[in-house]
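Trainee:
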Amino acid sequence: MTLAQETVVLKGHIIDSLILAKVLDTVLMMGGTFDLKEVQIGTTREEPSRAKIVVRATSPGLLTEILQAIQPHGASVDRESDCLLQPAPADGLLPETFYATTHLPTQIRLQGRWIEVEAIEMDVGIRVDRGFTSARTVPMGEVKEGDLIVTGREGIRVLPLERPKERDVFSFMEAQVSAERPHGHIIADVARRMQTLRNGQTSGGKAGKVLLAAGPAIIHAGGRDALTWLIDSGFIHVLFCGNALAAHDMEAHLYGTSLGYRLSAGRAVPHGHEHHLRTINRIRAIGSIEKAVESGVIADGIMAACVRRGVQVVMAGTIRDDGPLPGVITDSVKAQAAMRAALPGVELALLVASTLHAVATGNLLPATVPTVCVDVNPAVPTKLSDRGSFQAVGLVMDAASFLRELARELGWKS
Amino acid sequence: MSRLLVCAPDHFRIDYEINPWMRLSNSVVPDRAKSQWYELMRVLELKAGSSLERMQPVPGLPDLVFTANAGVVVGRKAVPSRFRHPERRREEPYFEAWFRDHGYEVIKLDGGFSFEGAGDLLGFPNAWFGGYRQRSDIGAYPRLSEIFGREIIPVELVDDRFYHLDTCFCPLSGGELLYYPPAFDPYGQAAIADRVGQDRCLVVPESEALRFACNAVCVAKHVILPVGCPETMKLLQARGYETHPIPLDEYVKSGGSAKCLTLALD
């Protein structure tokens, strides 16, 4: 995934002499790629020019060969320094000049060696272990006094994403957010990825997990059956949601309503607004969603499928929650930590009909994870794609239509 | 009036092989070498009107005769060479001492780059060209450009028979260039043609390039070049130059000719 790279500097009269062109041609000819980081062109003929070039290759061996080939033409490796470290001044406090991460693959230079930052996510710090052999992201709240934290900007490099090998909607590396675009091929590509990942789980191939962050509009809009089928068929492995999705899903089983509306008839039923409260109360009485499913009280739907299939569920609460249901994490820092802990192994993320959970999940995901954000409100996919992830695809469409179409692509007979 | 630094060939011989021309078995005939050198000096002084500064030959330094490699001099500033081969590094203190003794401000290159003086750095009043890859390192040119306040266009030398820029590239006083394009890679050829102008490029045929037709000394409208280069002479005469062919084959044994035996001081 990560390319080997090195920054070189070329200076002198490199433009008219075609030395710059020769160096860049050489890099390409040998199968490398480059980014021209800075080019300062001399303002007079006498004044020299200077170019800073990031050279990339698919392996460290090839990179060395390329560097050896361009070195005689004056391309010298830019002087690099180790990253700067400072101890955290107190628990929960980063040093003032801490380096704030992006969600792109990141390396830091420690004692002359470039090492990968583990569990990259955006807007956190980087903590280095005492042996100076590894580095990992750390959220502000989890910092312990004396932790070695990366500060400043020296000795840190953020690597661009390599174009995915799969030739599908994600490989275009452009975030598409438009209600006017046809959705069919995007959904087909997502389905293909899910099929591959599920096959990998059973055949020992590429065994990645599919994460779904979902909002209650899925139930209201009629996407419950399709989603239940997707979970039961082993296509979803991690579910992030709030109190509402679970409550309305189980309300639908117990009362046939979603927030008091009869799902089959689409009309409000008398005292229907109490249904989700009574549902929550019932589950609280039983003690947990798992017990409610195991005891047969909740026999079908999304939560039942999750329990049956052993899907890892993280329910994060909000200040407007009723109840909440047992299992909902009401401390948002703890909820964030639980979501973070569920991310390793996720190879595809579906963020469907939930602004809150979609944005929270998006912030936690490395840019390398292909992400689909589905919402009727274009603001949500736009917000996600503004994070700068090239592998985020936005779909402006109804959640239920998306899930049904996706399930049909994967073999659901509705 | 042009002033040239020269060094008599009292100790000139083939003592080592550091270019494809040198063969220990192909020894120099000292008397012929001397008479050829004195003939060159005679023509430079009497025909071309140059004044000559002679430096003292040193026993054991056979190539001190090739003063083009002493360094580069502009005005009162001199940057002495830093030779690639240890055999010639022993010449460095003598060239440097000569510059100092004659009142030049000596600026030494640091950074460990090789740079072989006017053998690799040549040009026109508005643009210099720096040969690299064979003897000089491209990394020396940004610093030289800074020292002399000139643009230096680096050009790669790709044929080791033409191991110094002055073996295949000779700027003329009228702005024309006498050169042998295949000694350069396509980038260098394009950069040269672009800067000099196609109509001013005089292309020497291979057979004459191999006789060092380009290793010529141009003083005003006089061009002193090795014998056996009739096509080159025609090219020069057509541009109004007076040509002076001189037998210098003893020096070709060492990979040099007229230009290598002189260093322009002004």
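In the order they appear, the protein sequences are chains A and B.
Position 220 of the first sequence, counted from 1, bears residue number 220 in the numbering used here, the numbering being contiguous throughout.
Position 204 of the second sequence, counted from 1, bears residue number 618 in the numbering used here, the numbering being contiguous throughout.
No residue lacks a Cβ here, since even glycine has one placed at the ideal position from N, Cα and C.
Against chain B, with Cβ distances strictly below 8 Å, would Leu351(A) count as a contact?
Mentor: So no, Leu351(A) is outside the interface.
Trainee: For Glu622(B), tell me which candidate among Gln612(B), Asp663(B), Tyr601(B) has the shortest Cα-Cα distance.
Mentor: The option with the nearest alpha carbon to Glu622(B) is Asp663(B).
Trainee: For Arg192(A), I'd like the list of residues in its chain whose CB is within less than 7 Å of its CB, leaving aside the five on either flank, ordered along the chain.
Mentor: These residues qualify, in order along the chain: Asp168.
Trainee: Hey, does Val124(A) have any beta-carbon neighbour from chain B nearer than 8 Å?
Mentor: Cβ-Cβ to chain B under 8 Å: no for Val124(A).
Trainee: Note down, in chain order, every chain A residue with its Cβ under 8 Å from the Cβ of Gly553(B).
Mentor: Going along chain A in sequence order, the residues near Gly553(B) (Cβ under 8 Å) are Gly74, Ser76.
Trainee: Nearest-angstrom Cα distance between Ala57(A) and Leu28(A)?
Mentor: Their backbone Cα atoms lie some 10 Å apart in a straight line.
Trainee: Let me know the secondary structure DSSP gives Gln40(A) once reduced to three states.
Mentor: Strand, per DSSP.
Trainee: How many angstroms separate the CA atom of Glu145(A) from the CA atom of Val138(A)?
Mentor: So the alpha carbons of these two residues sit roughly 13 Å apart.
Trainee: Could you give the C-beta distance for Val128(A) and Ala119(A), rounded to a whole number, given that I count them as a contact under 8 Å?
Mentor: Incorrect: roughly 14 Å between the Cβ atoms, too far for contact.
Trainee: Do you know offhand how far Arg130(A)'s Cα is from Val39(A)'s?
Mentor: Each residue's Cα considered, the two are about 39 Å apart.
Trainee: From the beta carbon of Ile53(A), is the nearest beta carbon of chain B less than 8 Å away?
Mentor: False, the Cβ-Cβ gap to chain B never drops below 8 Å.
Trainee: Does Glu46(A) have its Cβ less than 8 Å from a Cβ in chain B?
Mentor: By this cut-off, Glu46(A) is an interface position.
Trainee: Out of curiosity, what's the CA-to-CA distance linking Leu438(B) and Met469(B)?
Mentor: Looking at the two C-alpha atoms, the distance is approximately 26 Å.
Trainee: Check each residue of the stretch 5-33 of chain A: if its Cβ is closer than 9 Å to any Cβ of chain B, include it; give the result in chain order.
Mentor: From the stretch 5-33 of chain A, only Lys11, Gly12, His13, Ile14, Asp16, Ser17, Leu18, Ile19, Ala21, Lys22, Asp25 have a Cβ closer than 9 Å to chain B.
Trainee: Quick one, which of Ser449(B), Val479(B), Phe497(B), Pro595(B) has its alpha-carbon nearest Gly526(B)'s?
Mentor: It is Phe497(B).
Trainee: Within the chosen definition, does the stretch 339-356 of chain A reach the stretch 251-267 of chain A through at least 3 CB pairs nearer than 8 Å?
Mentor: They do not touch, by the three-pair rule.
Trainee: Answer with yes or no whether the minimum CB distance from Glu565(B) to chain A is below 8 Å.
Mentor: Yes, its Cβ sits closer than 8 Å to a Cβ of chain A.
Trainee: Could you tell me whether any Cβ in chain A is nearer than 8 Å to the Cβ of Pro596(B)?
Mentor: So, not an interface residue.
Trainee: Grouping DSSP H, G and I as helix and E and B as strand, with all else coil, what is Gly602(B)?
Mentor: Three-state DSSP puts Gly602(B) in a helix.
Trainee: Please report the residue range of the beta strand (DSSP E) in which Lys448(B) lies.
Mentor: Lys448(B) -> not in any beta strand (DSSP E); alpha helix (DSSP H) instead, spanning 444-456.
Trainee: Please tell me whether Leu3(A) has its Cβ less than 8 Å away from any Cβ of chain B.
Mentor: Cβ-Cβ to chain B under 8 Å: no for Leu3(A).
Trainee: With a threshold of 6 Å on Cβ separation, who are the neighbours of Glu625(B) within its own chain once the five nearest residues in sequence on each side are excluded?
Mentor: Contrary to the premise, residue 625(B) reads as Arg rather than Glu in this sequence. Correct list, in chain order: Pro640, Gly642, Cys643.
Trainee: Indicate the three-state DSSP secondary structure (helix, strand or coil) for Ala191(A) in the structure shown.
Mentor: Ala191(A): helix per DSSP, three-state reduction.
Trainee: Verify whether the separation of the beta carbon atoms of Gln107(A) and Phe132(A) is less than 8 Å.
Mentor: Not in contact: Gln107(A) and Phe132(A) (Cβ atoms no closer than 8 Å).
Trainee: Given this structure, state the Cα-to-Cα distance separating Leu230(A) from Asn363(A), to the nearest angstrom.
Mentor: Between Leu230(A) and Asn363(A), the C-alpha separation is close to 25 Å.
Trainee: Among Ser416(B), Ile428(B), Leu418(B), which one has its Cα closest to the Cα of Gly670(B)?
Mentor: With distances taken between Cα atoms, Gly670(B) lies closest to Ile428(B).
Trainee: Where does Asn629(B) land, buried or exposed, given buried means 16+ other C-beta within 10 angstroms?
Mentor: So Asn629(B) ends up on the buried side.
Trainee: Secondary structure at Leu679(B), three-state DSSP: helix, strand or coil?
Mentor: Coil.
Trainee: Take the Cβ of Met1(A) as the centre, count every other Cβ of all protein chains shown within 10 Å, and call the residue buried at 16 or more, exposed below.
Mentor: In this prediction, Met1(A) has a pLDDT of 44, which is less than 50 and means its spatial position is unreliable; what the coordinates show is noted afterwards. Label assigned to Met1(A): exposed.
Trainee: With a threshold of 6 Å on Cβ separation, who are the neighbours of Val238(A) within its own chain once the five nearest residues in sequence on each side are excluded?
Mentor: Hits under 6 Å: Lys209, Leu211, Gln312, Ala342.
Trainee: Let's test the definition: count the other Cβ atoms within 10 Å of the Cβ of Arg502(B) and tell me whether it reaches 16, buried, or not, exposed.
Mentor: With 16 or more other Cβ atoms within 10 Å, it is buried.
Trainee: Take the Cβ of Arg320(A) as the centre, count every other Cβ of all protein chains shown within 10 Å, and call the residue buried at 16 or more, exposed below.
Mentor: Burial call: exposed.
Trainee: Which residues does DSSP pair with Ser49(A) in a beta bridge?
Mentor: The partner list for Ser49(A) (beta bridge, DSSP) reads Gly12(A).
Trainee: Between Met647(B) and the rest of its own chain, which residues show a CB-CB distance below 6 Å, the 5 nearest in sequence each way excluded?
Mentor: Result list for Met647(B): Thr657, in chain order.
Trainee: Determine the closest residue to Pro619(B) out of Val631(B), Pro595(B), Pro600(B), Ala634(B), with distance taken between C-alpha atoms.
Mentor: Among Val631(B), Pro595(B), Pro600(B), Ala634(B), the Cα nearest to that of Pro619(B) is on Pro595(B).
Trainee: How big is the Cα-Cα spacing for His185(A) and Ala605(B)?
Mentor: Straight-line Cα distance between these residues: approximately 50 Å.
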